[in-house]
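Working notes for the structure below.
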Amino acid sequence: MNPSSIIAIDGFASTGKSTLAKRLSQHYKIPFIDSGAMYRGITLFAIEKKILKGDNLDRKGLGFALEGIKIKFDFNSGDLFLNGENIAEKIRLPLVSDHVSSIAALSFIRDFLLKQLRQMGQESGLVMDGRDIGTVVFPEADYKFFFNAQPEVRAQRRFEELKAQGQKITFDAVLENLIQRDALDSDRDVAPLRRAYDAIEIDTSERTTDEVFAFLLQKIEAK
Ligand code: DC
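The sequence shown begins at 1135 in the working numbering and counts up one residue at a time.
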């Protein structure tokens, strides 16, 4: 694979996209960018600045505030920085997961991040995961994959992760959040979650990380 290649991984929440994107990035020595983390960063910002209170969003306020936001994904550590603060852990809080899909549905937020995500692809080859990478951000990506898995399997994985982080949450709450996010991400008007026509689809429900990794490598090397 050429080191200036772009690998796009899209799909539903908690299907293993970021884990596999990281593995590919280590294997091919190209940066990994978790685009969902950027949407989570903006959501956290809106919550902390009280621009988003409960379900009430001050859209205009968020629009103005965007000018003062510096959001940076660190290639080496995989951490996300918001105006210099490392927010890698905070963006995984259930409160952020509950609201991120509505923030990500706003066209001015997508425009703001689209520019930054595309810019990263100008600088070098990379592997990026998200919902619209193969369809909108990098429609010309060299390799495109689309991940799917059964909702219960995905919820169980996410539940284990959150439990390991010491968060108090039930399996049912995790499952409900995933189903709600899938619907919001798939039904929004701007850049909805879709498989690009030329993306290779994989169902990760019954596969281990190693098996999915082997599948991706085989497809990349065969191209
Ligand atoms: O990958 P994730 O679950 O951390 O993403 C969080 C949310 O961000 C997801 O529910 C939808 C949104 N997102 C998006 O709309 N477009 C992307 N390219 C990546 C994420």
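Beta carbons: idealized from backbone N, C-alpha and C, even for Gly. Please read all numbers here as calculations on a predicted model, not as lab measurements.
Cβ of residue i within 7 angstroms of any heavy atom in the ligand DC?
i       : result
Tyr1173 : yes
Ile1176 : no
Val1308 : no
Ala1142 : no
Val1261 : no
Ser1241 : no
Ser1169 : yes
Gly1264 : yes
Asp1276 : no
Ala1317 : no
Ser1235 : yes
Ala1155 : no
Ala1238 : yes
Glu1185 : In the sequence under discussion, the amino acid at residue 1185 is Ile, which differs from the Glu named in the question. Because no heavy atom of the ligand DC lies under 7 angstroms away, the Cβ of Ile1185 does not count as near it: no.
Considering only the alpha carbon of each residue, which of the options lies closest to residue i?
i       : options                            : result
Ala1283 : Phe1246, Thr1343, Pro1326          : Thr1343
Arg1226 : Ala1171, Lys1163, Arg1322          : Ala1171
Lys1278 : Glu1294, Leu1260, Pro1285          : Leu1260
Lys1163 : Ile1237, Asn1136, Glu1219          : Asn1136
Arg1157 : Leu1351, Asn1217, Lys1357          : Leu1351
Val1324 : Ser1241, Ala1348, Gln1253, Arg1193 : Ser1241
Lys1353 : Asp1276, Ile1237, Arg1265          : Asp1276
Arg1315 : Gly1255, Pro1228, His1161          : Pro1228
Opposite residue i in the DSSP bridges: which residues?
i       : result
Tyr1277 : Ile1141
Lys1206 : Phe1215
Lys1187 : Asn1190
Asn1282 : Asp1337
Phe1198 : Answer is none; Phe1198 lacks a bridge partner.
Asp1086 : The structure shown does not extend to residue 1086, since the chain is modelled only from 1135 through 1357, so no value can be given for it.
Would you say residue i and residue j are within 8 angstroms of each other, going by their C-beta atoms?
i       : j       : result
Ile1167 : Phe1281 : no
Ser1169 : Ser1258 : no
Asp1319 : Pro1326 : yes
Ile1221 : Leu1251 : no
Ala1180 : Leu1191 : yes
Ile1176 : Ile1205 : yes
Ala1330 : Thr1269 : yes
Lys1312 : Ala1155 : Sequence check: residue 1312 is Leu here, not Lys. No, these two residues do not count as a Cβ contact at 8 angstroms.
Glu1335 : Leu1309 : no
task = Give, in chain order, every unbroken run of the alpha helix (DSSP H) that is at least 4 residues long and sits entirely within the region 1215 to 1272.
result = Counting whole runs of 4 or more residues, the region 1215 to 1272 contains the alpha helix (DSSP H) stretches 1228 to 1238, 1241 to 1257.
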